[in-house]
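Student:
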Amino acid sequence: MHSLIDLHSHTDFSDGTLSPRALVRHAAERGVSLLAITDHDTVDAFSEALPADQALSPGETLTLLCGVELSTHAEPSERSVHLLAYFPDLPPQGFREWLLALQEGRRARNVELLEKLRSLGLDLTWEEVQSLAQRQIGRPHFAQALLRRGYVSSLREAFDRYLGEGSAAWVERDEPSLAEALARVKEAGGLSSLAHPVRITRNTHELETFIADHAALGLDAVECFHPEVSPELSEQLIRIVAQLGLGMTGGSDFHGANKPGIALGTGKDDALRVPEAVGTWIVQQLSGRRTNQEARCSSAHSTKQE
Ligand code: AMP
Ligand code: FE
Ligand code: FE
Ligand code: ZN
9 MHSLIDLHSH TDFSDGTLSP RALVRHAAER GVSLLAITDH DTVDAFSEAL
59 PADQALSPGE TLTLLCGVEL STHAEPSERS VHLLAYFPDL PPQGFREWLL
109 ALQEGRRARN VELLEKLRSL GLDLTWEEVQ SLAQRQIGRP HFAQALLRRG
159 YVSSLREAFD RYLGEGSAAW VERDEPSLAE ALARVKEAGG LSSLAHPVRI
209 TRNTHELETF IADHAALGLD AVECFHPEVS PELSEQLIRI VAQLGLGMTG
259 GSDFHGANKP GIALGTGKDD ALRVPEAVGT WIVQQLSGRR TNQEARCSSA
309 HSTKQE
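Now the structure itself:
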């Protein structure tokens with residue numbers, strides 16, 4: 009019997025390929041006992057997944073956390089910096105409205121991206137890209153469309169040639185600053201964690217400064233366990249967060265068929281094991297926050313907010 013923890017996963021509400029319910033089923037089958045759904049820019053899969061969580065067979069237990077992955081910008085990273093946010097339950101209305109504004113930015117980027125691809129002579133249509141997504145459209149859906157048309161021979165090639173940062177059809181997206189995202193998450197009673205920190209910079213000293221600067225702005229944790237984080241970097245990150253008094257999170261970044269080779273709970277080549285202490289920590293943090301948030305809400309109600 010194993011009990012895996014996975015705090016980073018995507019459903020077809022963003023760019024994963026499993027529905028929220030299928031993801032929960034898959035998690036239970038793989039022995040994942042603590043799962044966070046962290047779709048890009050949306051928390052909508054959580055409500056959809058909850059009934060599945062309750063319908064598991066006797067003997068299967070799974071705790072489901074509500075999360076989201078935000079694309080932000082921060083110096084000195086030239087790439088978008090991804091921030092994970094976790095909530096004990098659906099985040100407050102105000103935060104969800106902010107997510108809708110981010111989704112609007114994504115839509116505008118998608119329109120521009122399609123135009124740019126077409127201007128490069130790649131004959132794609134909206135209908136085609138849309139048909140590959142269930143809800144939100146992301147670059148992986150454009151990648152699938154390019155693959156289907158035979159313009160590229162792999163999803164990776166689609167990103168390398170056309171969709172990746174700095175490549176031929178690259179379109180800058182209107183992103184909030186990491187500082188703003190941290191403040192929004194905090195205000196909403198959530199817990200923040202810097203996703204796949206390896207993508208920010210390969211220079212460990214720079215990364216340490218980056219983490220320390222953002223800890224001062226409210227960052228709660230760092231994703232120390234992720235398929236792209238090597239065991240060596242993981243050790244360094246564990247040391248860095250311990251010095252700064254930050255927490256740790258970890259997860260596979262599972263996207264189903266949109267990220268071949270990544271398994272839920274165990275990542276790439278079965279190499280990922282998120283330590284049990286990480287699960288205990290986040291559950292404890294969030295249950296504490298739920299109480300705080302309820303306390304804040306009830307006092308806020310009398311002074312009228314929301
Ligand atoms: P978007 O949120 O629409 O900008 O798309 C970003 C998503 O595309 C990421 O979350 C990954 O799922 C995927 N992605 C980004 N870069 C690559 C890459 N080089 N190869 C494969 N997938 C990628
Ligand atoms: Fe993704
Ligand atoms: Fe990410
Ligand atoms: Zn992700």
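Numbering of the sequence shown is given in the working numbering, commencing with residue 9 and proceeding in unit increments.
We put the beta carbon where it would ideally sit given N, CA and C, even for glycine.
So does the region 241-256 actually touch the region 215-232, counting three or more Cβ pairs closer than 8 angstroms?
Tutor: Yes: the two stretches touch, three or more of their Cβ pairs being nearer than 8 angstroms.
Student: Buried or exposed: which applies to Thr19, given that a residue is buried once 16 or more other Cβ atoms fall within 10 Å of its Cβ?
Tutor: Within the sequence shown, residue 19 is the residue found at index 11, counting from 1. Result: buried.
Student: Report yes if the C-beta of Glu173 is less than 8 angstroms from at least one heavy atom of ligand 3; otherwise report no.
Tutor: What you label residue 173 is simply residue 165 of the sequence shown in a count that begins at 1. Answer for Glu173: no, Cβ out of range of ligand 3.
Student: Using a Cβ-Cβ cutoff of less than 6 angstroms, which residues in the same chain neighbour Ala196 once the five nearest sequence positions on both sides are dropped?
Tutor: By 1-based counting over the sequence shown, the position of residue 196 is 188. Answer for Ala196: Pro99, Pro100 and Phe103, listed in chain order.
Student: Does the Cβ of His213 have 16 or more other Cβ atoms within 10 Å, making it buried, or fewer, making it exposed?
Tutor: Along the sequence shown, one-based indexing puts residue 213 at 205. His213 comes out exposed.
Student: Could you give the DSSP three-state label for Lys267: helix, strand or coil?
Tutor: For this step, residue 267 is matched to residue 259 along the sequence shown. Coil.
Student: Just to confirm, does His90 get its C-beta within under 8 angstroms of one of the non-hydrogen atoms of ligand 3?
Tutor: As a working mapping, residue 90 is identified with position 82 in the sequence shown. The answer is yes for His90.
Student: Smallest Cα separation from Arg33: which of Gln62, Phe150, His149 and Pro235?
Tutor: In the sequence shown, the residue the question calls residue 33 occupies position 25. Residue Gln62 is the option with its Cα nearest to Arg33.
Student: Could you check the C-alpha separation between Gly350 and Ala220 for me, to the nearest Å?
Tutor: Missing from the structure shown is residue 350; the chain here goes from 9 to 314 and no further.
Student: Does DSSP put Leu202 in a helix, in a strand, or in coil?
Tutor: The residue given as residue 202 occupies position 194 in the sequence shown. DSSP places Leu202 in strand when its eight states are reduced to three.
Student: Whose C-beta lies closer than 7 angstroms to the C-beta of Gly198 among residues of the same chain, with five residues either side of it excluded?
Tutor: Taking the sequence shown and counting its residues from 1, one reaches residue 198 at position 190. The residues are Ala93, Tyr94, Phe95 and Pro99.
Student: Between Gly39 and Gly273, which are expected to be in contact by the criterion C-beta below 8 angstroms, what is the C-beta distance as a whole number of angstroms?
Tutor: Here the question's residue 39 lines up with position 31 in the sequence shown. Here the question's residue 273 lines up with position 265 in the sequence shown. Right, the Cβ-Cβ distance comes to about 7 angstroms (below 8 angstroms), so this counts as a contact.
Student: Under the three-state reduction of DSSP, which class applies to Ile248: helix, strand or coil?
Tutor: The residue labelled residue 248 in the question sits at position 240 within the sequence shown. Of the three classes helix, strand and coil, the one that applies to Ile248 here is helix, per DSSP.
Student: Have a look at the DSSP bridge pairing and note the partners of Leu110.
Tutor: Working through the sequence shown from its first residue, we reach residue 110 at position 102. Its beta-bridge partners do not exist; DSSP assigns none.
Student: Please say whether Asp14 and His48 have beta carbons closer to each other than 9 angstroms?
Tutor: Translated into positions along the sequence shown, residue 48 becomes position 40. Translated into positions along the sequence shown, residue 14 becomes position 6. No, the pair does not count as a contact, with Cβ atoms beyond the cut-off.
Student: Nearest to Arg126 by CA position, among Leu140, Ala153 and Gln292, is which residue?
Tutor: If you number the sequence shown from 1, residue 126 lands on position 118. Minimum Cα distance to Arg126 is reached at Ala153.
Student: Taking 8 angstroms as the cut-off, does the region 66-78 touch the region 161-170 (at least 3 CB pairs, one atom from each stretch)?
Tutor: Touching, no.
Student: Mind checking Ala255: buried by the 16 CB within 10 Å criterion, or exposed?
Tutor: Residue mapping note: residue 255 aligns to position 247 of the sequence shown, counting from 1. Before going on, a small fix: residue 255 reads as Gly here, not Ala. Gly255 comes out buried.
Student: Among Ser41, Ala224, His204 and Thr217, which one has its Cα closest to the Cα of Ser242?
Tutor: As a position in the sequence shown, residue 242 is number 234, starting the count at 1. Of Ser41, Ala224, His204 and Thr217, the residue nearest in Cα terms is His204.
Student: Figure out for me which residue from Ala279, Leu64 and Leu186 has the closest Cα to the Cα of Phe37.
Tutor: As a first step, residue 37 must be located in the sequence shown, where it is residue number 29. Note on residue identity: the sequence assigns Glu, not Phe, to residue 37. Checking every option, the nearest Cα to that of Glu37 belongs to Leu64.
Student: For Asp261 and His234, what's the separation of their Cα atoms in angstroms?
Tutor: What you label residue 261 is simply residue 253 of the sequence shown in a count that begins at 1. What you label residue 234 is simply residue 226 of the sequence shown in a count that begins at 1. Whole-angstrom Cα-Cα distance: 7 angstroms.
Student: Considering only heavy atoms of ligand 4, list every residue whose Cβ is less than 5 angstroms from one of them, following chain order.
Tutor: Residues flagged by the Cβ proximity filter: Glu77 and Asp261.
Student: Residues in its own chain within less than 8 angstroms of Arg29 by CB, not counting five upstream and five downstream?
Tutor: Working through the sequence shown from its first residue, we reach residue 29 at position 21. Around Arg29: Glu56, Ala57, Pro59 and Ala60.
Student: Going straight from the alpha carbon of Thr217 to that of Arg156, what length do you get?
Tutor: Working through the sequence shown from its first residue, we reach residue 217 at position 209. Working through the sequence shown from its first residue, we reach residue 156 at position 148. Computed Cα separation, rounded: 43 angstroms.
Student: Say the cut is 8 angstroms; is the CB of Ser22 nearer than that to a heavy atom of ligand 6?
Tutor: This structure does not include ligand 6; its bound ligands are ligand 1, ligand 2, ligand 3 and ligand 4.
Student: Tell whether a beta-carbon distance below 9 angstroms holds between Val286 and Thr257.
Tutor: Residue 286 sits at position 278 when you count from the first residue of the sequence shown. Residue 257 sits at position 249 when you count from the first residue of the sequence shown. The answer is yes: Cβ separation under 9 angstroms.
Student: DSSP three-state call for Ile219: helix, strand or coil?
Tutor: Start at 1 with the first residue of the sequence shown, and residue 219 comes out as number 211. Three-state result, Ile219: helix.
Student: For ligand 3, any of its heavy atoms closer than 8 angstroms to the Cβ of Ala176?
Tutor: In the sequence shown, residue 176 corresponds to position 168, counting from 1. Because no heavy atom of ligand 3 lies under 8 angstroms away, the Cβ of Ala176 does not count as near it: no.
Student: Does Leu12 come out as helix, strand or coil in the three-state DSSP assignment?
Tutor: Within the sequence shown, residue 12 is the residue found at index 4, counting from 1. Strand.
Student: Compute every distance between the C-beta of Gln146 and the non-hydrogen atoms of ligand 2, then say whether any falls below 8 angstroms.
Tutor: By one-based count along the sequence shown, residue 146 stands at place 138. A small fix is needed here, since residue 146 is Gly in this sequence, not Gln. True, at least one ligand heavy atom lies under 8 angstroms from that Cβ.
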